[in-house]
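Comments concern the structure below.
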Amino acid sequence: MKVDTIPHLNFSGKTVLVTGSSRNLGKTIAAAFIETGGRVILHGSEENLRSTKSEMESDYPKAELYSISFDLGQPEAIEKAFDQLKSEGWMPDVLINNAAHLGLGESGFLEQSPEFFREVIEVNLFGAFLCSQIAAQYLKDTGKKGSIVNISSLAGRRGIHGRSGYNVSKAALDSMTRSMAQELSGDGIRVNSLVLGYVWTERWNHLDEGVADRRKANIPSHAPSSQEEIARTTVFLASDSAPTLVGSQIVLDGGMDIQQLPATVAV
Ligand SMILES: NC(=O)c1ccc[n+]([C@@H]2O[C@H](COP(=O)([O-])OP(=O)(O)OC[C@H]3O[C@@H](n4cnc5c(N)ncnc54)[C@H](OP(=O)(O)O)[C@@H]3O)[C@@H](O)[C@H]2O)c1
4 MKVDTIPHLN FSGKTVLVTG SSRNLGKTIA AAFIETGGRV ILHGSEENLR STKSEMESDY
64 PKAELYSISF DLGQPEAIEK AFDQLKSEGW MPDVLINNAA HLGLGESGFL EQSPEFFREV
124 IEVNLFGAFL CSQIAAQYLK DTGKKGSIVN ISSLAGRRGI HGRSGYNVSK AALDSMTRSM
184 AQELSGDGIR VNSLVLGYVW TERWNHLDEG VADRRKANIP SHAPSSQEEI ARTTVFLASD
244 SAPTLVGSQI VLDGGMDIQQ LPATVAV
């Protein structure tokens, strides 16, 4: 996997944890940080991590890589994982809260069980909360500067029909971004979020006929965001290039957020 990044950005000597980097968007973001010289911690399920780590090792033989698997829905597992990172010299300077429970399936408001709703919030909100709290406390205690980027979604602003748990989790993540940014920026820890519309992932290859075209027709620019574009923007947000970029929500969505109705239904 090769990703074009913004040339002058350099993460040499910085340790970067990208949650959910065992596949899809997180994997591309991890590759972008490797391209810019970062020491990268890959995270996800053990099964997916094995193949992703070998692929990265083969594509980037000089990269310093670490991989760790923990369930973001289990607070004790998160704490244990960060203890391991600390004892092995891999505490992150940069945290990308990318992993998510996509909340597919029984997540319509009336259909979902309280357990399902809780599970989505546990992973997407509490998981990101705890990772951020531990990482930020470490940075503060050691006097290091750092950056946190929360990967969010238009679902937190507008709501995807039938996915209320996911929608709520992303709205809360956006709010948490603002609180974290306010309280942590004075300690040299910048927090921002990337709000995504449609992202091209391999799932697009398995959509029912016509779905991809209908999705594109909903986007003013007629194309989903590529993972590379998002990865480049994430690296920029995490870099020192814009030191006063604090608590912002950068929207990458081809113009979906600014349209009242898609062209196909507007009159
Ligand atoms: N794809 C889109 O169109 C889109 C649109 C807007 C926003 N986003 C956001 O972009 C981010 C990435 O999306 P994606 O499409 O790349 O997601 P994805 O393909 O479903 O990948 C999710 C990643 O998160 C990990 N993960 C999921 N649940 C976890 C848990 N309980 N504990 C630990 N790791 C867990 C997965 O690990 P394993 O698979 O190895 O278990 C995987 O690496 C998410 O925050 C999503 O909300 C995506």
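Per our numbering, residue 4 is the first one in the sequence shown, and the count goes up by one each step.
Beta carbons are placed, not taken as given, at the ideal position from N, Cα and C, and that holds for glycine.
Between the Cα of residue i and the Cα atoms of the options, which residue gives the shortest distance?
i: Gly40; options: Leu52, Leu210, Arg193, Gly16; result: Gly16
i: His225; options: Gly200, Thr237, Asn208; result: Gly200
i: Leu20; options: Ser72, Gly213, Ile9; result: Ser72
i: Leu98; options: Glu58, Gly76, Gly130, Arg217; result: Gly130
i: Arg26; options: Ser48, Gly76, Asn13, Phe14; result: Ser48
i: Thr8; options: Thr22, Gly162, Glu38, Ala66; result: Glu38
i: Pro227; options: Trp203, Asp144, Ala174, Leu68; result: Trp203
i: Asp74; options: Glu67, Gly111, Lys83; result: Lys83
i: Gly29; options: His46, Tyr169, Phe14, Arg42; result: His46
i: Lys89; options: Pro246, Leu12, Thr18; result: Thr18
i: Leu176; options: Gly108, Asp216, Ala269, Val126; result: Val126
i: Leu128; options: Asn13, Phe112, Gly106; result: Gly106
i: Lys173; options: Arg53, Asn208, Phe132; result: Phe132
i: Arg166; options: Phe85, Val123, Arg42; result: Val123
Contact check, residue i vs residue j under 8 Å by CB: the rounded distance?
i: Thr3; j: Val152; result: Coverage of the chain is limited to positions 4 through 270, which leaves residue 3 absent and any answer about it impossible.
i: Ser135; j: Asn100; result: 7 Å
i: Ser196; j: Ser155; result: 5 Å
i: Gly138; j: Pro95; result: For clarity, residue 138 is Ala in the given sequence; the question names Gly instead. 5 Å between Cβ atoms; contact.
i: Val198; j: Leu157; result: 6 Å
i: Gly327; j: Ala103; result: With the chain running from 4 to 270 in the structure shown, residue 327 is simply not present.
Determine the DSSP secondary structure at residue i, reduced to helix, strand or coil.
i: Leu105; result: coil
i: Arg193; result: strand
i: Thr18; result: strand
i: Ser90; result: helix
i: Gly149; result: strand
i: Ser24; result: coil
i: Leu199; result: strand
i: Ile154; result: strand
i: Gln136; result: helix
i: Glu114; result: coil
i: Leu75; result: coil
i: Lys83; result: helix
i: Ala141; result: The amino acid occupying residue 141 in the given sequence is Tyr; Ala does not appear at that position. Three-state result, Tyr141: helix.
Let's see if you can read the secondary structure: which residues bound the beta strand (DSSP E) around residue i?
i: Ser48; result: Premise fails: Ser48 is in no beta strand (DSSP E) and is neither H nor E.
i: Asn27; result: Premise fails: Asn27 lies in the alpha helix (DSSP H), 27-38, not in any beta strand (DSSP E).
i: Ile99; result: 97-100
i: Ile9; result: From DSSP, Ile9 is part of no beta strand (DSSP E); its letter is neither H nor E.
Could you spell out the range, first to last residue, of the alpha helix (DSSP H) harbouring residue i?
i: Tyr169; result: 167-187
i: Ile71; result: No alpha helix (DSSP H) contains Ile71, which is instead part of the beta strand (DSSP E) from 68-71.
i: Phe120; result: 117-124
* To do: For the segment 203-266, list the alpha helix (DSSP H) runs that are entirely contained and at least 4 residues long, ordered along the chain.
  => The qualifying runs are 214-220, 230-241.
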